[in-house]
Amino acid sequence: MLELLEPIAIFTHVARAGSFSAAARRLGISKSKVSTQVADLEHKLGVQLIQRTTRSLSLTEAGNLLYLQGEELLRDAEQAVSSVHNLNDATRGVLKVGISQSFGTMHIIPALPEFMARHPDLELQISLLDHKVDVVSEGLDLLLTMSEQLPLGMVARPLMKCQFLLVASPGYVAQHGNISRPEQLVEHNCLVYQGEWHEHSMWQFKKGDDYCEIGVSGNFRVDNAPALKSAAVSGLGIVYLASYLLEDEIAEGTLVPLLPDWQLTHNLPLQAVYPRRKHLAPKVSAFIDFIKTHISSPPYWDAKFENLYKQRK
1 MLELLEPIAI
11 FTHVARAGSF
21 SAAARRLGIS
31 KSKVSTQVAD
41 LEHKLGVQLI
51 QRTTRSLSLT
61 EAGNLLYLQG
71 EELLRDAEQA
81 VSSVHNLNDA
91 TRGVLKVGIS
101 QSFGTMHIIP
111 ALPEFMARHP
121 DLELQISLLD
131 HKVDVVSEGL
141 DLLLTMSEQL
151 PLGMVARPLM
161 KCQFLLVASP
171 GYVAQHGNIS
181 RPEQLVEHNC
191 LVYQGEWHEH
201 SMWQFKKGDD
211 YCEIGVSGNF
221 RVDNAPALKS
231 AAVSGLGIVY
241 LASYLLEDEI
251 AEGTLVPLLP
261 DWQLTHNLPL
271 QAVYPRRKHL
281 APKVSAFIDF
291 IKTHISSPPY
301 WDAKFENLYK
311 QRK
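According to the UniProt record's numbering, the sequence shown is numbered sequentially starting from 1.
Set out below in structure tokens:
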């Protein structure tokens, strides 16, 4: 078994990098050694792991299974080495974090200098993402995501639940009129988030025992929440957005809340997602704890909407 550890590690780097040459460069060894080790591994296991062509490679079913296990093996080895090297300061090394793009830009990136000041020996690598993420294949230690779906083999720690606001520009309201019930939205131009994996065109509302879900439509759809906000500010239509995007616009009056006495019940939690393992790396735990404290409960941006939330029934 021991003689398989090195070729499994090399194969995992090949699968991760997508080529023999890139894996060789990252490992600091020759391409021929990488190729030989993978071929020997296939021979010893009695299965084909990689489909090779002149221009690309792809994993077989067996190769994909071994790759997932190999990633776990490398992560466990890195954690073991890190734990021994960093007994006095467990937040050394590299921490790779993926963050939902709009939320990360507005509310996480500005707080990171404080985190780095607390952990000067930690190198932080941030990826601002706006697509469906495979934590393992993208080499992340942690993903902060606005998603209800938990990827297979991952652990999710909820950090907060988003509040939502229904808003439009004063100009749009003046031209098209205000609304008093959600059903009236079908008469208006509604701006819809439409991504590769999700379309938010069913808007949920609750007032006491009265619950409704309204199918909306309009002439503008986009896969970026800040772009929806910009379209609303310009007077294009009505939008259903997370409150973390709106504190400046509401304060400045460029967007005004609609249906203030209705709760918007769309479920969109912020979750810290990481691979399932026996022990969470201290640097990952430290980052999660910092972000949870930074956001606070309720989130600091929602304090500006306290009077508005009190109207909801």
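For glycine and all other residues, C-beta sits at the position ideal for the given N, C-alpha and C. Since the structure is predicted, the reported quantities are computational estimates derived from the model, not experimental observations.
{"Check": "Are the Cβ atoms of A272 and I295 separated by less than 9 angstroms?", "Outcome": "no"}
{"Check": "Could you tell me the boundaries of the alpha helix (DSSP H) in which S100 lies?", "Outcome": "Not the alpha helix (DSSP H): S100 falls in the beta strand (DSSP E), residues 93–100."}
{"Check": "Taking its Cβ as the centre, do 16 or more other Cβ atoms sit within 10 Å of S58, making it buried, or is it exposed?", "Outcome": "exposed"}
{"Check": "How many Å lie between I108 and I291 at the Cα?", "Outcome": "8 angstroms"}
{"Check": "List the endpoints of the continuous alpha helix (DSSP H) containing K31.", "Outcome": "31–45"}
{"Check": "For the putative contact between F103 and Y244, defined by C-beta atoms under 8 angstroms, what is the C-beta separation to the nearest angstrom?", "Outcome": "6 angstroms"}
{"Check": "Keeping to the same chain, check which residues put their C-beta closer than 6 angstroms to that of Q79; ignore five residues upstream and five downstream.", "Outcome": "A281"}
{"Check": "From what residue to what residue does the alpha helix (DSSP H) around D289 run?", "Outcome": "282–295"}
{"Check": "If you draw a straight line from the alpha carbon of P7 to that of Q48, how long is it in whole angstroms?", "Outcome": "14 angstroms"}
{"Check": "Quick one, which of L65, L74, A232 has its alpha-carbon nearest L258's?", "Outcome": "A232"}
{"Check": "Check whether the Cβ atoms of L255 and L246 sit closer than 9 angstroms, and answer yes or no.", "Outcome": "yes"}
{"Check": "Since P275 and V136 are thought to touch, with beta carbons under 8 angstroms apart, how far apart are those beta carbons, to the nearest angstrom?", "Outcome": "6 angstroms"}
{"Check": "One question on the structure: do L143 and G98 come within less than 9 angstroms of each other, judged by their Cβ atoms?", "Outcome": "yes"}
{"Check": "Put L270 into one of helix, strand or coil per three-state DSSP.", "Outcome": "strand"}
{"Check": "Under the assumption that R312 contacts D261 (Cβ atoms under 8 angstroms), give the Cβ distance between them as a whole number of angstroms.", "Outcome": "6 angstroms"}
{"Check": "I'd like the span of the beta strand (DSSP E) that includes M116, first residue to last.", "Outcome": "Element bounds for M116: not the beta strand (DSSP E) but the alpha helix (DSSP H), 112–118."}
{"Check": "Let me know the secondary structure DSSP gives V186 once reduced to three states.", "Outcome": "helix"}
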